[in-house]
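Data first, discussion second: the structure below is written as structure tokens.
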Amino acid sequence: MINEWLLQFGQWMEAQQYSQMLVAGYYSYSWLEATHVLSLMMCIGSLFIIDFRMLGLIMPNVPATTIAARLHKPMLIGFGIMFFTGALLVYAKPVETIQSLWFRIKMILLVLAFINAWIFNARMKAADGTWDMDPVAPKPLRVGAIISLVLWCGVVTMGRYIPYDWVDCTNTDNATILWAAGCVEQLRAL
Amino acid sequence: MLNSLLSRYTRTLSLVLVLLLVIVLELFEVRTSIYGVSLPFFEWMRQSFWLGVIGTTYGSLYATIEAVHLLSMAVIGGTVLAADLRLLGIIFRDIPSETLTQGTHKCFRISLTVSVATGIFCAAGVADKVYYMEVFWIKMLVLISGSCFVFFFKQPLLNSRPHDEINPWTLRLLAVTSLLIWFTVAATGRWIGFS
Chain S
0 MINEWLLQFG QWMEAQQYSQ MLVAGYYSYS WLEATHVLSL MMCIGSLFII
50 DFRMLGLIMP NVPATTIAAR LHKPMLIGFG IMFFTGALLV YAKPVETIQS
100 LWFRIKMILL VLAFINAWIF NARMKAADGT WDMDPVAPKP LRVGAIISLV
150 LWCGVVTMGR YIPYDWVDCT NTDNATILWA AGCVEQLRAL
Chain E
0 MLNSLLSRYT RTLSLVLVLL LVIVLELFEV RTSIYGVSLP FFEWMRQSFW
50 LGVIGTTYGS LYATIEAVHL LSMAVIGGTV LAADLRLLGI IFRDIPSETL
100 TQGTHKCFRI SLTVSVATGI FCAAGVADKV YYMEVFWIKM LVLISGSCFV
150 FFFKQPLLNS RPHDEINPWT LRLLAVTSLL IWFTVAATGR WIGFS
């Protein structure tokens, strides 16, 4: 049901004039992708510095909450651009992206990373800064940092897998993969 | 007089000499001759089992190494942003810039090493293509110049004395140059994929 709805939504987007223009333009899609990757460096780079500090791997002599607070803005700016360009990339090739297994896993990891960030922030505020000058953060924050690193590594890896066609709808007849990737027509044909 | 001038501006003079050397090499078309000579090396990389053959045979491994390359570039981005924006006085103004630049440098070195190692693997898989790409050579030139800039110029200067004894404009110039270099490395890297 949801796969049919997503496919219809993708087909509707693909029929839009601007979606076709993004793909047809000689440089537009490449520029979008390049901006997406560069903003990823800004966002994930800042995030990783915060996580590394929580684990005591970097700048143990600088208060951890100061690093988190000061890098928050560059991280959010990077995330904003990354999200906007990412949305446009999906808009440019909607059906292909929506029916990509890697894209779907990436979105799930992204949601999990958000939940983790929300819990991490709540824990950091609750910890009240008494540990701020400790070389490593308290265990719950360290666990949050490790989860964040793993999830974002997963997000980037899945993003990198999207252009590859190993499990594209036309390349597999595995029913589970076809269902997970939302390959509606191929599933019907089985 | 000349001695005191030379000792005071050793690094600046070294940089000018390097730039002059690049111009001379370019004028006498040395780069073009190196370009031709390096083709067998690229062919060897492409045919080498541990580099080119593994990279092209196992697509998922190649894509995973590409992701590691991207992640290490992201860490480089994070360290460069933190240190250079501090030198520009945009963020971390309440933390001494010495602490920031020294604290992030180790992480930068490790990420650069990972990035170069994974980059060689990625380039080997498509060595017969990247050899003919102008953007690839631009990236290599900027990467080498950037690494020399960081290890022989920026870091030695920043570690040589307290930052408040360095001309603020020199610090700003260092930060802007560094940001431009690593932005160009990342952007040209992405552009290789489109060429």
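Sequences listed follow chains S and E, in order.
Numbering-wise, numbering that gives the first Met the number 0 puts 173 at position 174 of the first sequence, and it's gapless, one number per residue.
Numbering-wise, numbering that gives the first Met the number 0 puts 183 at position 184 of the second sequence, and it's gapless, one number per residue.
Where a beta carbon is used, it is the ideal one built from N, C-alpha and C, also for glycine.
Interface residues of chain E around E32(S) at Cβ under 9 Å?
In the first sequence, the residue the question calls residue 32(S) occupies position 33. Near E32(S) (Cβ distances below 9 Å), the residues of chain E are R189, G192 and F193.
Going along the chain, which residues of the stretch 141–161 of chain S sit with their C-beta nearer than 7 Å to a C-beta in chain E?
Those would be C152, V155, T156, R159 and Y160, in chain order.
Check whether the Cβ of G55(S) lies closer than 8 Å to any Cβ atom in chain E.
The count along the first sequence starts at 1 and reaches residue 55(S) at position 56. Taking Cβ atoms only, chain E never reaches closer than 8 Å to G55(S), which makes this a no.
Kindly indicate the opening and closing residues of the alpha helix (DSSP H) around W49(E).
The count along the second sequence starts at 1 and reaches residue 49(E) at position 50. First-last for W49(E): undefined, no H or E at that position.
If contact means a Cβ-Cβ distance below 7 Å, which residues of the stretch 105–139 of chain E contact chain S?
Residues passing the 7 Å Cβ filter: C106.
How would you label P155(E), buried or exposed, when you count the other beta carbons within 10 angstroms and need 16 or more for buried?
Here residue 155(E) is taken as the residue at index 156 of the second sequence, counted from 1. Counting Cβ neighbours within 10 Å, P155(E) comes out exposed, since fewer than 16 surround it.
Would you give the residue range spanned by the alpha helix (DSSP H) that K105(S) belongs to?
The residue you call residue 105(S) lines up with position 106 of the first sequence. Counting along the chain, the alpha helix (DSSP H) containing K105(S) begins and ends at L100 to A125.
Among residues of its own chain, excluding the 5 on either side of V61(S), which ones have a beta-carbon nearer than 8 Å to its beta-carbon?
Residue 61(S) sits at position 62 when you count from the first residue of the first sequence. Closer than 8 Å at Cβ, skipping near neighbours: R52.
Pull up the CB-CB distance for S27(S) and L21(S), whole angstroms please, since I reckon it's below 8 Å.
The residue you call residue 27(S) lines up with position 28 of the first sequence. The residue you call residue 21(S) lines up with position 22 of the first sequence. The Cβ separation is near 5 Å, so the contact holds.
Helix, strand or coil for S144(E)? Go by DSSP, reduced to three states.
The residue labelled residue 144(E) in the question sits at position 145 within the second sequence. S144(E): helix per DSSP, three-state reduction.
Name the chain E residues whose beta carbon is nearer than 7 Å to that of A47(S)?
Residue 47(S) sits at position 48 when you count from the first residue of the first sequence. For the record, residue 47(S) in the displayed sequence is Phe; it is not Ala. The contacting residues are A73, V74 and G77.
Does the stretch 69–88 of chain S come close enough to the stretch 118–136 of chain E that 3 or more CB-CB pairs lie under 8 Å?
Judged by Cβ distances under 8 Å, the stretch 118–136 of chain E makes no contact with the stretch 69–88 of chain S, as fewer than three pairs qualify.
Closer than 8 Å, CB to CB, is Y25(S) near chain E or not?
To locate residue 25(S), count along the first sequence from 1; it is residue 26. No, Y25(S) does not count as interfacial toward chain E.
Go through its chain and collect everything with a Cβ distance to W178(S)'s Cβ below 8 Å, but skip five positions before and after it.
For this step, residue 178(S) is matched to residue 179 along the first sequence. Taken in chain order, the residues that qualify are N2 and L186.
Going along chain A in order, which residues have a C-beta closer than 7 Å to the C-beta of A66(E)?
Among the chains of the structure shown, chain A does not appear; the protein chains present are S and E.
8 Å is my cut-off, CB to CB: does D93(E) come that close to chain S?
By one-based count along the second sequence, residue 93(E) stands at place 94. At least one chain S Cβ lies under 8 Å of D93(E).
How many whole angstroms separate the CB atoms of G54(E) and Y61(E), which I take to be in contact at a CB cut-off of 8 Å?
What you label residue 54(E) is simply residue 55 of the second sequence in a count that begins at 1. What you label residue 61(E) is simply residue 62 of the second sequence in a count that begins at 1. That belief holds up - the Cβ atoms of G54(E) and Y61(E) are roughly 5 Å apart, short of 8 Å.
Compute the Euclidean distance between the alpha carbons of T175(S) and C168(S), then round it to the nearest angstrom.
Residue 175(S) sits at position 176 when you count from the first residue of the first sequence. Residue 168(S) sits at position 169 when you count from the first residue of the first sequence. Approximately 11 Å between the Cα atoms of the pair.
At a Cβ threshold of 8 Å, is A82(E) touching chain S?
For the purposes of this step, residue 82(E) is taken as the residue at position 83 of the second sequence. Output row for A82(E): interface = no.
How about the stretch 69–85 of chain E and the stretch 172–187 of chain E: do they share at least three Cβ pairs that are nearer than 8 Å?
These segments touch.
Give the secondary structure of P139(S) by DSSP, where H, G and I count as helix, E and B as strand, and everything else as coil.
By 1-based counting over the first sequence, the position of residue 139(S) is 140. P139(S) falls in the helix class under three-state DSSP.
To which residues of the same chain is S110(E) closer than 6 Å at the C-beta, ignoring the five residues directly before and after it?
Stepping through the second sequence from its first residue, residue 110(E) is reached at position 111. Only S71, V74 and I75 meet the Cβ criterion.
Using the rule of at least 16 other Cβ atoms within 10 Å of the residue's Cβ for burial, across every protein chain shown, is T64(S) buried or exposed?
Locating residue 64(S) in the first sequence gives position 65, where the first residue counts as 1. T64(S) is buried by the Cβ-count criterion.
For the alpha helix (DSSP H) that D50(S) lies in, which residues bound it at each end?
On the first sequence, residue 50(S) is found 51 positions in, with the first residue counted as 1. D50(S) -> alpha helix (DSSP H) spans S27 to M53.
Considering only C-alpha positions, which residue in the set W4(S), L39(S) and L46(S) is nearest to I145(S)?
On the first sequence, position 146 is the one that residue 145(S) refers to. The shortest Cα separation from I145(S) among W4(S), L39(S) and L46(S) belongs to L46(S).
Evaluate L69(E) with the Cβ neighbour count: other Cβ atoms within 10 Å of its Cβ, from every protein chain shown; 16 or more gives buried, anything less gives exposed.
As a working note, residue 69(E) is residue 70 in the second sequence. L69(E) comes out buried.
Can you tell me the Cα-Cα spacing of T63(E) and P39(E), whole angstroms?
For this step, residue 63(E) is matched to residue 64 along the second sequence. For this step, residue 39(E) is matched to residue 40 along the second sequence. T63(E) and P39(E): Cα-Cα distance of roughly 27 Å.
If you run the structure through DSSP and keep just helix, strand and coil, what is R189(E)?
Numbered from 1 along the second sequence, position 190 holds the residue referred to as residue 189(E). Three-state DSSP puts R189(E) in a helix.
Does G58(E) get closer than 8 Å to chain S when you measure Cβ to Cβ?
Looking up residue 58(E) in the second sequence gives position 59. Yes, because at least one Cβ of chain S sits closer than 8 Å to the Cβ of G58(E).
Could you run through the stretch 73–103 of chain S and flag, in chain order, every residue whose CB is less than 7 Å away from some CB of chain E?
Answer set for the stretch 73–103 of chain S: P73.
Does the beta carbon of V36(S) come closer than 8 Å to any beta carbon on chain E?
In the first sequence, residue 36(S) corresponds to position 37, counting from 1. Yes, V36(S) lies at the interface with chain E (some Cβ there is under 8 Å from its Cβ).
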